[in-house]
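Numbering (my numbering), first residue to last: 2 to 284.
Using N, Cα and C, we set each Cβ at its ideal position, and we do this for glycine too.
None of these values were measured; they are calculated from a predicted model.
Taking it in order: structure first as structure tokens, then the write-up.
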């Protein structure tokens, strides 16, 4: 179980903070933070992430939303320390992203399946528990706890290949939960799932935040999932268009839905790009 700071302790740093975060193609080094300042990544001559500044508060369910190809996966890889050639300041749980000390404090679920189809759910979790370095004497209880977290105890001895898509997603999430991480980074975990399975997964995400104090950073390109988040980071073309609670973003743009807010922000961003291009052409 995640321990919360006793009353009177100094406030812990944010889960993620970025300042000036940038990423380039062909990258290979990442510094981390639950805070990001000017984060950028440049692929070859082009930047994938373009000077991102944002903060993910502890204990929050934060959505990272934007169209496919806008840089969401690159940003998540930077946060967990798996992305190369990152510049700027990126701190996770108070430490530089990619620090060895963060290994057991983070859980990362990728878009691609991260479990073995020819093993049972329990065998998968036992294997990954060993990879994580969980002592053999503690492994059974860690596996049982992760199974209970994702409501898969009744399916513990079923082959993963025979599970539904939603159940397989929960197996991957259970792997990420083995070390009771403080920060969970989930890359499009609901893609391809039916509405009922999506609803159940989102209920689980909020339960993890409320009952265990976990922080969740969840990416999606499906705008109707925005209102399931407490806070949002809206991305387009490697840039952060806006951040805030869904209600704040709707109010700021004067529209009735986050999707409309996003489209209005995109239109404003395009207008700025056109104005900049005209200015360059007149010089």
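Apart from the five residues on each side of it in sequence, which residues of its chain come closer than 6 Å, Cβ to Cβ, to residue i?
| i | result |
| --- | --- |
| residue 162 | 118 |
| residue 199 | 191 |
| residue 223 | none |
| residue 219 | 64, 187 |
| residue 244 | 55, 234 |
Take residue i as the anchor and find which of the options has the nearest alpha-carbon.
| i | options | result |
| --- | --- | --- |
| residue 77 | 53, 154, 95 | 53 |
| residue 106 | 83, 155, 177 | 177 |
| residue 226 | 189, 138, 96 | 189 |
| residue 112 | 81, 244, 191 | 191 |
| residue 47 | 214, 86, 269 | 86 |
| residue 159 | 110, 120, 69 | 120 |
| residue 84 | 66, 93, 201, 25 | 25 |
| residue 239 | 219, 50, 12, 100 | 50 |
| residue 193 | 184, 221, 256 | 221 |
| residue 183 | 102, 79, 280, 277 | 102 |
Check the C-beta distance from residue i over to residue j and give it rounded, since I have them as a contact under 8 Å.
| i | j | result |
| --- | --- | --- |
| residue 151 | residue 171 | 4 Å |
Short of 8 Å in beta carbon distance, which residues of its chain neighbour residue i, apart from the five on each side in sequence? Order them along the chain.
| i | result |
| --- | --- |
| residue 61 | 16, 210, 216, 217, 231, 232 |
| residue 153 | 122, 168, 171, 172, 175 |
| residue 114 | 169, 173 |
| residue 38 | 18, 19, 20, 21, 22, 54, 89, 90, 91 |
| residue 267 | 237, 242 |
| residue 252 | none |
Whole angstroms are fine: how far does the CA of residue j sit from the CA of residue i?
| i | j | result |
| --- | --- | --- |
| residue 254 | residue 261 | 8 Å |
| residue 136 | residue 149 | 20 Å |
| residue 71 | residue 138 | 44 Å |
| residue 125 | residue 116 | 6 Å |
| residue 157 | residue 205 | 18 Å |
| residue 1 | residue 104 | Because the chain in this structure spans residues 2 to 284, residue 1 falls outside the shown range and cannot be described. |
| residue 165 | residue 197 | 13 Å |
| residue 180 | residue 155 | 21 Å |
| residue 33 | residue 109 | Since pLDDT at residue 33 reaches only 34, below the 50 mark, its modelled position is unreliable, and the value read off the structure follows with that caveat. Whole-angstrom Cα-Cα distance: 14 Å. |
| residue 195 | residue 258 | 22 Å |
| residue 67 | residue 214 | 26 Å |
| residue 308 | residue 132 | No statement about residue 308 is possible, as the shown extent of the chain runs from 2 to 284 and does not include it. |
| residue 94 | residue 14 | 6 Å |
| residue 40 | residue 212 | 31 Å |
| residue 273 | residue 250 | 19 Å |
| residue 269 | residue 73 | 21 Å |
| residue 140 | residue 81 | 24 Å |
| residue 265 | residue 69 | 18 Å |
| residue 304 | residue 130 | Any property of residue 304 remains undetermined from this structure, which presents the chain solely from 2 to 284. |
| residue 271 | residue 79 | 26 Å |
| residue 246 | residue 280 | 34 Å |
| residue 1 | residue 201 | This structure cannot settle anything about residue 1, because the visible part of the chain is limited to 2 through 284. |
| residue 185 | residue 96 | 16 Å |
| residue 128 | residue 263 | 42 Å |
| residue 275 | residue 75 | 26 Å |
Grab me the residues of residue i's own chain with a C-beta within less than 7 Å of its C-beta, minus the 5 sequence neighbours each way, in chain order.
| i | result |
| --- | --- |
| residue 207 | 62 |
| residue 203 | 229 |
| residue 29 | Residue placement at residue 29 is poorly supported in this model, since its pLDDT is 40, which falls under 50; the coordinates are not used for a value here. |
| residue 57 | 15, 16, 17, 35, 63, 216, 218 |
field: Continuous beta strand (DSSP E) assignments of at least 3 residues falling wholly in the stretch 184–270
entry: 184–188, 216–221, 232–237, 240–245
Enumerate, from N- to C-terminal direction, the unbroken alpha helix (DSSP H) stretches of 4 or more residues contained entirely within the stretch 57–89. Runs found: 73–81.
Within the stretch 157–188, note down every full beta strand (DSSP E) run reaching 3 residues or more, in order along the chain.
Within the stretch 157–188, the complete beta strand (DSSP E) runs of at least 3 residues are 184–188.
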